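One line per chain: the protein sequences are A and B, in this order. Just so we're aligned, residue 87 is where the first sequence starts under this note's numbering, counting upward by one. Just so we're aligned, residue 87 is where the second sequence starts under this note's numbering, counting upward by one. Where a beta carbon is used, it is the ideal one built from N, C-alpha and C, also for glycine. These numbers come from a predicted model, not from an experiment. Okay, structure first, notes after.
Protein chains: 2
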Amino acid sequence: MTHPSNRSFGSIAAHVSQDRLAQRLADMAKIGATEKGGVNRQALSREDGLARALLTSWATARGFAVSTDGIGNLYVRREGSDPTLPPVMTGSHLDSQPTGGRYDGVYGVLAGFEVLEALEDAGAVTRHPVEVVAWTNEEGSRFQPYCMGSALFAGKMDLEMVLACTDAKGVSVRDALAETLSLAPEMQVRDFGSPAAAYVEAHIEQGPRLEAEGKTIGVVQGIQGSRWFQVEVTGQEAHAGTTPHGARKDAFQTALKMVNALNDLMHDPDDIIRCTFGRFEVLPGSPNTVPGKVIFTIDFRHPDAELVKERGDKVAPLIQSLAAPCEVVVKETSTTAPVDFDPAVVDAVREAAEGLGYANRDMPSGANHDAKFMAPRCPTGMIFIPCKDGISHNELEYASPEHCHAGAAVLAETLARLAG
Amino acid sequence: MTHPSNRSFGSIAAHVSQDRLAQRLADMAKIGATEKGGVNRQALSREDGLARALLTSWATARGFAVSTDGIGNLYVRREGSDPTLPPVMTGSHLDSQPTGGRYDGVYGVLAGFEVLEALEDAGAVTRHPVEVVAWTNEEGSRFQPYCMGSALFAGKMDLEMVLACTDAKGVSVRDALAETLSLAPEMQVRDFGSPAAAYVEAHIEQGPRLEAEGKTIGVVQGIQGSRWFQVEVTGQEAHAGTTPHGARKDAFQTALKMVNALNDLMHDPDDIIRCTFGRFEVLPGSPNTVPGKVIFTIDFRHPDAELVKERGDKVAPLIQSLAAPCEVVVKETSTTAPVDFDPAVVDAVREAAEGLGYANRDMPSGANHDAKFMAPRCPTGMIFIPCKDGISHNELEYASPEHCHAGAAVLAETLARLAG
Numbered sequence: 087m088t089h090p091s092n093r094s095f096g097s098i099a100a101h102v103s104q105d106r107l108a109q110r111l112a113d114m115a116k117i118g119a120t121e122k123g124g125v126n127r128q129a130l131s132r133e134d135g136l137a138r139a140l141l142t143s144w145a146t147a148r149g150f151a152v153s154t155d156g157i158g159n160l161y162v163r164r165e166g167s168d169p170t171l172p173p174v175m176t177g178s179h180l181d182s183q184p185t186g187g188r189y190d191g192v193y194g195v196l197a198g199f200e201v202l203e204a205l206e207d208a209g210a211v212t213r214h215p216v217e218v219v220a221w222t223n224e225e226g227s228r229f230q231p232y233c234m235g236s237a238l239f240a241g242k243m244d245l246e247m248v249l250a251c252t253d254a255k256g257v258s259v260r261d262a263l264a265e266t267l268s269l270a271p272e273m274q275v276r277d278f279g280s281p282a283a284a285y286v287e288a289h290i291e292q293g294p295r296l297e298a299e300g301k302t303i304g305v306v307q308g309i310q311g312s313r314w315f316q317v318e319v320t321g322q323e324a325h326a327g328t329t330p331h332g333a334r335k336d337a338f339q340t341a342l343k344m345v346n347a348l349n350d351l352m353h354d355p356d357d358i359i360r361c362t363f364g365r366f367e368v369l370p371g372s373p374n375t376v377p378g379k380v381i382f383t384i385d386f387r388h389p390d391a392e393l394v395k396e397r398g399d400k401v402a403p404l405i406q407s408l409a410a411p412c413e414v415v416v417k418e419t420s421t422t423a424p425v426d427f428d429p430a431v432v433d434a435v436r437e438a439a440e441g442l443g444y445a446n447r448d449m450p451s452g453a454n455h456d457a458k459f460m461a462p463r464c465p466t467g468m469i470f471i472p473c474k475d476g477i478s479h480n481e482l483e484y485a486s487p488e489h490c491h492a493g494a495a496v497l498a499e500t501l502a503r504l505a506g
Numbered sequence: 087m088t089h090p091s092n093r094s095f096g097s098i099a100a101h102v103s104q105d106r107l108a109q110r111l112a113d114m115a116k117i118g119a120t121e122k123g124g125v126n127r128q129a130l131s132r133e134d135g136l137a138r139a140l141l142t143s144w145a146t147a148r149g150f151a152v153s154t155d156g157i158g159n160l161y162v163r164r165e166g167s168d169p170t171l172p173p174v175m176t177g178s179h180l181d182s183q184p185t186g187g188r189y190d191g192v193y194g195v196l197a198g199f200e201v202l203e204a205l206e207d208a209g210a211v212t213r214h215p216v217e218v219v220a221w222t223n224e225e226g227s228r229f230q231p232y233c234m235g236s237a238l239f240a241g242k243m244d245l246e247m248v249l250a251c252t253d254a255k256g257v258s259v260r261d262a263l264a265e266t267l268s269l270a271p272e273m274q275v276r277d278f279g280s281p282a283a284a285y286v287e288a289h290i291e292q293g294p295r296l297e298a299e300g301k302t303i304g305v306v307q308g309i310q311g312s313r314w315f316q317v318e319v320t321g322q323e324a325h326a327g328t329t330p331h332g333a334r335k336d337a338f339q340t341a342l343k344m345v346n347a348l349n350d351l352m353h354d355p356d357d358i359i360r361c362t363f364g365r366f367e368v369l370p371g372s373p374n375t376v377p378g379k380v381i382f383t384i385d386f387r388h389p390d391a392e393l394v395k396e397r398g399d400k401v402a403p404l405i406q407s408l409a410a411p412c413e414v415v416v417k418e419t420s421t422t423a424p425v426d427f428d429p430a431v432v433d434a435v436r437e438a439a440e441g442l443g444y445a446n447r448d449m450p451s452g453a454n455h456d457a458k459f460m461a462p463r464c465p466t467g468m469i470f471i472p473c474k475d476g477i478s479h480n481e482l483e484y485a486s487p488e489h490c491h492a493g494a495a496v497l498a499e500t501l502a503r504l505a506g
């Protein structure tokens, strides 16, 4: 997969322009801009269509070929010297959360596009083509499931099922997609699942670790596994003034015992386990009524498959053992095995960061990304850059121009090496 | 206040009719009857008006005088032999919760009315008049504040302020009251705060203690004090997959620490302290977002004023000490001092129960009642009877005819003694 290049290391990175990338990020941030400085550019919205049109215009201005597929993934291709070789791919997504930031997703697309421009500016010839892809609907905030584009590309979803999905207003993916595609010029349509030599995705970390440790580049080793549970505790409503505690079936106090025990189970001195109780609904929610019902969720993640299984398998029995005097139902609502990225790609990312002199660290990705679906399809890796205070999915999301540039430079050297 | 009677003990109780009382309870339960066997007879509704009309018709059929006042409290009076003496009063309320039961409130009114009939049937002459009162809007479910009728009678509220209060649909107490009163015949209107020799209220326990201990009568010594708090914990929303626990400001986990500490503070081996977390709202409530805000309530009650002060004063400082890394605001939203009933009335109730051979126990009232407002006005007491499984404010509320009869018999002997 890796082909020693006859170019000298750093020659492509030298053509990566901090100002050009910052300007493109600023231009994209105008599409769906919110008052608080973020963006609302949900999947297959008019804003999404305008962002695609803008990227297409930049691509054609530089002479790169654009194409799409049945779900609207947008591919920008710079040809290689060997027409028999599959492309080395990079990219991410243009869609955002409803109150999203200016970097989540779009940074990976524009860093990839910056690499295409740097290759062009350097007059570099690669053996493999290099392709930038903007995957459709990574966020899943308007249409579920998330990561539609990359999952369809990887053969993990059924197109007809996906096209029939509707948003909260009843609009189907099929109709929204037609509307969105009408905003960009017509282009060649290709099949899903064309061969790929490798896939490297650049993204903001969406967590605080790089910033806290003063590192510029995260060398992502994989995406942690997750198990989601929903727990429903049923007790009995009672008068808060008259009912002795010994006679109560207090769903809140019972759920509290469960959460305390789960905190103990998930305690990790190394702070790698993530265990979050994001939803915790107490009913009927009246100050002077003993709660009769609690519904809560557990989001448990870890990069190690064995730990995910071992610790996760203890969740339901532990909860069951603490149910009295209430009743409890525990459902596992989602299970995702950890994904390990390809060691050669991970090494290529690390060596590019080292070679360019950027402080870096190996780390897992805490969040899901399109790279998760690409990993079983071809050698895959990711590059993280820091974001301010670890804040993401938020209009305050911020990554500095210097960090954006560093990530694109590392991506450039990585892709140049992989593309030969 | 107490006047030794020349009647023999039990002679009035002997005329209390279990069947007549059960029939009247069943008749009242038809007004606002719900499918599940409860009642919806909210304050100043058409159903409330019809219930008042029915009671009025029963009263006039027996020759008792009826009157009302500026808030629609309904008084039924059996005259005494000494026109200079104020009445001994009894009663409760006819209004219910929206999904209320067949006993909460109405039992106390009809047990009082049964005593008037028993006195009449016995041909008894009392020195004091005996009055049954149906207080307006005890529940406070449609119009706040609760206990409007008794609070106005006791001089604890302002009539104009109360009449201007509106329900969720914008209907004022003034308009609803006029509509309600139009359903019963016109009657004499009296001033608030006329003198009262004593007040004794019969009520279902609304808790499980009497049933659990096999007691028929609760000799109520007072109403416990309460302090209500609202706590708002503010952290920071973060991605559940990417944010290490050490970097989180998890409002849920912080609130959890607070509740654990409050449970320890309020732990009571005697199970007299009541401490309830009825509302516990976690925002934004998304499974994969670290909660940024929690709002929860504390309902703390105890019969002893010193303990209410001592323990309650520790609540806010304890919460504040556990706020890091979040921020917290603690507000005390309501404070009610415990009410001690008059020892002579409490003794009269106990002696009546003993004399009639009913298993009984002294106990505080966990809930608030109209008796709370009467206690500072005149010697006051309450009589509790068991209710099935302690369930109240619920369509399943149930008190047996035998227990209803026992409570009315104890009330009869108590009132006869107090009325001389």
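Quick check: is any heavy atom of the ligand FMN less than 6 angstroms from the C-beta of Asp426 of chain B?
The ligand FMN is not part of this structure, which contains no ligands at all.
Check Ser420 of chain B in the structure and name its three-state DSSP category.
For Ser420 of chain B, the secondary structure class from DSSP, reduced to helix, strand or coil, is strand.
Just to confirm my understanding: we take Asp207 of chain A, look at its own chain, exclude 5 residues before and 5 after, and list those with CB closer than 7 angstroms. What are they?
If we look at Asp207 of chain A and ignore the five residues flanking it on each side, its Cβ neighbours are His101.
What would DSSP say about Phe150 of chain A, mapped onto helix, strand or coil?
Three-state result, Phe150 of chain A: coil.
Under 7 angstroms, Cβ to Cβ, is there at least one residue of chain A near Pro184 of chain B?
Interface criterion not met: the Cβ of Pro184 of chain B is under 7 angstroms from no Cβ in chain A.
Distance check for Val432 of chain B and Glu291 of chain B, CA to CA, integer angstroms please.
CA-to-CA, the gap between Glu291 of chain B and Val432 of chain B works out to about 16 angstroms.
Could you pull the DSSP bridge partners for Lys255 of chain A from this structure?
Looking at the DSSP assignment, Lys255 of chain A forms no beta bridge with any residue, so it has no partner.
Just checking: is the beta-carbon of Phe315 of chain A within a distance shorter than 7 angstroms of some beta-carbon in chain B?
Phe315 of chain A does not count as touching chain B.
Can you name, in chain order, every residue of its own chain whose Cβ lies under 7 angstroms from the Cβ of Ala99 of chain B, other than the five neighbours on each side?
Result list for Ala99 of chain B: Leu442, Ala495, Ala498 and Glu499, in chain order.
Do we get a CB-CB distance below 7 angstroms when we pair His489 of chain B with the residues of chain A?
So no, His489 of chain B is outside the interface.
Cβ of Gly256 of chain B within 7 angstroms of Cβ of Thr185 of chain B?
Contact: no.
Among A:Ala220, A:Ala337, A:Gln183 and A:Val305, nearest to Arg138 of chain A - alpha-carbon criterion
Measuring from the Cα of Arg138 of chain A, the nearest candidate turns out to be A:Ala220.
With a threshold of 7 angstroms between beta-carbons, can His388 of chain A be considered close to chain B, or not?
No, its Cβ sits nowhere closer than 7 angstroms to a Cβ of chain B.
Taking only beta-carbon atoms, is Val275 of chain B less than 7 angstroms away from chain A?
False, the Cβ-Cβ gap to chain A never drops below 7 angstroms.
Ala492 of chain A to Ala108 of chain A, Cα distance in whole Å?
Taking the straight line from one Cα to the other gives about 12 angstroms.
Could you please give the first and the last residue of the uninterrupted beta strand (DSSP E) stretch that includes Arg163 of chain B?
First-last of the beta strand (DSSP E) with Arg163 of chain B: Leu160 to Arg164.
CB-CB under 7 angstroms to Leu501 of chain A, same chain, minus the five flanking residues each way: which ones, in chain order?
Closer than 7 angstroms at the Cβ level, and outside the excluded window around Leu501 of chain A, lie Val174, Thr176, Val201, Val216 and Val286.
Given Pro462 of chain A, which residues of its chain have a CB within under 7 angstroms of its CB, disregarding the five upstream and five downstream residues?
Residues of the same chain with a CB within less than 7 angstroms of the CB of Pro462 of chain A, apart from the 5 flanking positions on each side, are Ala240 in chain order.
Can a CB atom of chain A be found closer than 7 angstroms to the CB of Asp426 of chain B?
Interface with chain A (7 angstroms Cβ-Cβ cutoff): Asp426 of chain B is excluded.
Among all the DSSP beta bridges, which residues are the ones paired with Met449 of chain A?
Looking at the DSSP assignment, Met449 of chain A forms a beta bridge with A:Val306.
Can you pull the DSSP bridge partners for Trp314 of chain A?
DSSP output for Trp314 of chain A lists A:Asp385 and A:Ser420 as bridge partner(s).
Just mark Thr170 of chain B as buried or exposed, buried being the case when its beta carbon has 16 or more other beta carbons within 10 Å.
That one is exposed.
Less than 7 angstroms separating the beta-carbons of Ala438 of chain A and Asn446 of chain A?
Taking 7 angstroms as the Cβ cut-off, Ala438 of chain A and Asn446 of chain A do not qualify as a contacting pair.
Could you please tell me which residues of the region 350 to 366 of chain A, in chain order, have their CB closer than 7 angstroms to any CB of chain B?
Using a CB distance below 7 angstroms, the part of the region 350 to 366 of chain A facing chain B consists of Asp357, Arg360, Thr362, Phe363, Gly364, Arg365 and Phe366, ordered along the chain.
Mind checking if Ala326 of chain A is an interface residue toward chain B, Cβ cutoff 7 angstroms exclusive?
At least one chain B Cβ lies under 7 angstroms of Ala326 of chain A.
Can you say whether Lys116 of chain B is buried or exposed, counting buried as having 16 or more other CB atoms within 10 angstroms of its CB?
When all chains shown are included, Lys116 of chain B counts as exposed.
Using the DSSP secondary-structure output, state which residues sit across from Cys361 of chain B in a beta bridge.
Cys361 of chain B is bridged to B:Phe386.
Cβ of Asn223 of chain B less than 7 angstroms from any chain A Cβ?
Output row for Asn223 of chain B: interface = no.
Taking buried to mean at least 16 other C-beta atoms within 10 Å of its own C-beta, is Thr212 of chain A buried or exposed?
Taking all protein chains shown into account, Thr212 of chain A has 16 or more neighbouring C-beta atoms within 10 Å of its C-beta and is therefore buried.
Short Cβ contact (7 angstroms threshold) for Ile384 of chain B with Phe315 of chain B
Cβ distance < 7 angstroms, so Ile384 of chain B and Phe315 of chain B count as in contact.
Quick one: is Ala112 of chain A buried, meaning 16 or more other Cβ sit within 10 Å of its Cβ, or exposed?
Using a 10 angstroms sphere on the CB of Ala112 of chain A, the tally of other CB atoms stays under 16, which defines it as exposed.
Cβ of Val368 of chain B less than 7 angstroms from any chain A Cβ?
Taking Cβ atoms only, chain A reaches closer than 7 angstroms to Val368 of chain B, which makes this a yes.
Grab the span of the beta strand (DSSP E) containing Met468 of chain A for me, first residue to last.
Where Met468 of chain A is concerned, the enclosing beta strand (DSSP E) starts and stops at Thr466 to Ile471.
Distance, Pro281 of chain A Cα to Gly166 of chain A Cα:
Approximately 15 angstroms, taken between the alpha carbons.
Partner residues on chain B for His479 of chain A, Cβ-Cβ distance less than 7 angstroms:
Residues of chain B passing the Cβ test: His325.
Contact check, Leu408 of chain B vs Ala324 of chain B, beta carbons under 7 angstroms
No. Outside cutoff.
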